[in-house]
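Same order as they appear, the protein sequences are chains A and B.
Take 1 as the starting number for the first sequence in my numbering and just add one per residue.
Take 1 as the starting number for the second sequence in my numbering and just add one per residue.
From the three backbone atoms N, C-alpha and C, an ideal C-beta is built for every residue, glycine too.
One structure is given here, and the rest of the page talks about it.
2 protein chains.
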Amino acid sequence: MAANVGPGSGGAGTERISEAELAVMEALWLTSPQTAAEVCDAVCTQRGWSIPTVKTLLSRLVAKGALATKPDGRRFLYTPRIARHDYVGTESKRLVERLFGGRAAPLFAHLAESEALTADDISEIERLLQEMKK
Amino acid sequence: MAANVGPGSGGAGTERISEAELAVMEALWLTSPQTAAEVCDAVCTQRGWSIPTVKTLLSRLVAKGALATKPDGRRFLYTPRIARHDYVGTESKRLVERLFGGRAAPLFAHLAESEALTADDISEIERLLQEMKK
DNA sequence: ACCTTACGATTACGTTTGTAATCTGAACGG
DNA sequence: CCGTTCAGATTACAAACGTAATCGTAAGGT
Chain A
1 MAANVGPGSG GAGTERISEA ELAVMEALWL TSPQTAAEVC DAVCTQRGWS IPTVKTLLSR
61 LVAKGALATK PDGRRFLYTP RIARHDYVGT ESKRLVERLF GGRAAPLFAH LAESEALTAD
121 DISEIERLLQ EMKK
Chain B
1 MAANVGPGSG GAGTERISEA ELAVMEALWL TSPQTAAEVC DAVCTQRGWS IPTVKTLLSR
61 LVAKGALATK PDGRRFLYTP RIARHDYVGT ESKRLVERLF GGRAAPLFAH LAESEALTAD
121 DISEIERLLQ EMKK
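This is how it looks when you write it as structure tokens:
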């Protein structure tokens with residue numbers, strides 16, 4: 001029953017979420033709570049998965065403390081225990097840490113160079129910079 | 001030349017580099033070529049590794065096509081087959097793809113919010129933006 | 001009271017990763 | 001020549017991951 005968020009504990013979201021697990025999280029971040037079957041509806045065809053796969057991933061995510069469960073009759077409703085916002089922030093920072101020594105500017109330079117920046121991105125970033133200076 | 005870089009081939013750097021392997025690559029990006037022992041000098045104490053570990057990682061990186069070897073007497077000299085610049089670019093783009101739907105602006109917003117942006121980063125980014133507009 | 005069925009739980013199994021120990025063969029010291 | 005030593009190569013083995021089949025059980029229909 002959920003109470004336990006992980007062996008070493010440390011709060012929700014301490015443990016790493018794998019690529020496949022992320023797809024499940026995304027579905028639940030989009031709408032939650034959902035049953036396993038509903039999550040499967042959302043991801044199975046897209047990823048070529050079968051229901052057992054989704055159930056395994058759900059269980060692992062619960063074990064990792066990334067999802068909470070609430071019994072609903074005889075099945076479970078799954079809900080994220082960590083906000084997508086937080087997850088994404090942590091992962092972004094991890095990348096900047098790992099690859100750019102914690103400096104964001106070189107990352108930006110790379111994205112610029114590889115044309116991963118659309119015109120919209122650029123003006124949006126300018127806007128954010130303006131705002132930060134206030 | 002460059003002939004066979006791996007079973008499925010696809011050019012150097014096609015296969016994913018793991019976290020531990022990355023430490024080895026970093027050492028070789030810093031200075032190369034190096035022998036296994038030299039790489040160990042560079043990373044073993046830092047990561048708490050022993051020489052066999054480094055050798056395993058080197059072998060796996062060679063198998064993945066990320067490193068080239070040149071015999072030097074009875075040992076090997078290892079050299080990166082992919083530039084750090086390229087690796088970092090690919091990984092950055094992958095993150096933006098996976099977490100931000102390919103848009104860089106939200107990533108930037110996250111970094112800004114989490115104070116992962118130093119004053120230096122900000123002015124550097126402004127400079128880059130200026131340059132892009134030309 | 002059954003039988004089916006729809007759940008979660010348990011088990012499975014190959015691959016990748018982290019972290020090594022051991023084996024094998026060649027070079028070097030004597 | 002012969003043993004020690006130092007390479008790379010082979011083997012090891014547990015944890016995490018990707019992907020699932022099977023088991024057990026409780027709910028619902030009849």
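Would you verify that the beta carbon of Ile-17 (chain A) is, or is not, closer than 7 Å to some beta carbon of chain B?
-> no
Within 7 Å (strictly less), CB to CB, does Leu-107 (chain B) reach chain A?
-> yes
From the DSSP output, in three-state form, read off Thr-35 (chain A) for me.
-> Looking at Thr-35 (chain A) - three-state DSSP - the assignment turns out to be coil, as it is neither helix nor strand.
Quick one: any contact between the stretch 106 to 122 of chain B and the stretch 102 to 109 of chain A, if contact means 3 or more CB pairs under 8 Å?
-> yes
For Ile-125 (chain A), count neighbouring C-beta atoms within 10 Å of its own C-beta (all shown protein chains included) and say buried if the count is 16 or more, exposed if not.
-> buried
Using only alpha-carbon positions, find the residue among B:Leu-67, B:Gly-65, B:Glu-113 that is nearest to Val-88 (chain A).
-> B:Glu-113
How many angstroms separate the CA atom of Asp-86 (chain A) from the CA atom of Ala-63 (chain A)?
-> 19 Å
If we count the other Cβ atoms within 10 Å of its Cβ and call it buried at 16 or more, is Met-132 (chain A) buried or exposed?
-> exposed
Applying a beta-carbon distance threshold of less than 8 Å, which residues of chain A neighbour Ile-125 (chain B)?
-> Using a Cβ-Cβ cut-off of 8 Å, Ile-125 (chain B) is close to Ala-104, Ala-105, Phe-108, Ile-125, Leu-129 of chain A, given in chain order.
Applying the criterion that 16 or more other CB atoms from any shown protein chain within 10 Å of the CB defines a buried residue, is Asp-121 (chain B) buried or exposed?
-> buried
Which term fits Pro-52 (chain B), buried or exposed, when burial requires 16 or more other beta carbons within 10 angstroms of its beta carbon?
-> exposed
Can you tell me which of the three DSSP states Leu-67 (chain A) falls into?
-> Secondary structure of Leu-67 (chain A) (DSSP, three-state): strand.
Any C-beta of chain A under 7 Å from that of Gly-89 (chain B) | yes
What number of angstroms, rounded off, separates the C-alpha of Val-54 (chain A) from the C-alpha of Thr-14 (chain A)?
-> 21 Å
8 Å contact criterion, which Val-43 (chain B) and Leu-58 (chain B) should meet: CB distance rounded = Actually they do not touch by this definition, with Cβ atoms about 11 Å apart.
Pull up the distance between the alpha-carbon of Ala-36 (chain B) and that of Gly-65 (chain A), whole angstroms please.
-> 40 Å
Output the distance between the C-alpha atoms of Thr-79 (chain B) and Leu-67 (chain B), rounded to the nearest integer angstrom.
-> Roughly 5 Å separates the two Cα atoms.
Indicate the three-state DSSP secondary structure (helix, strand or coil) for Leu-117 (chain A) in the structure shown.
-> coil
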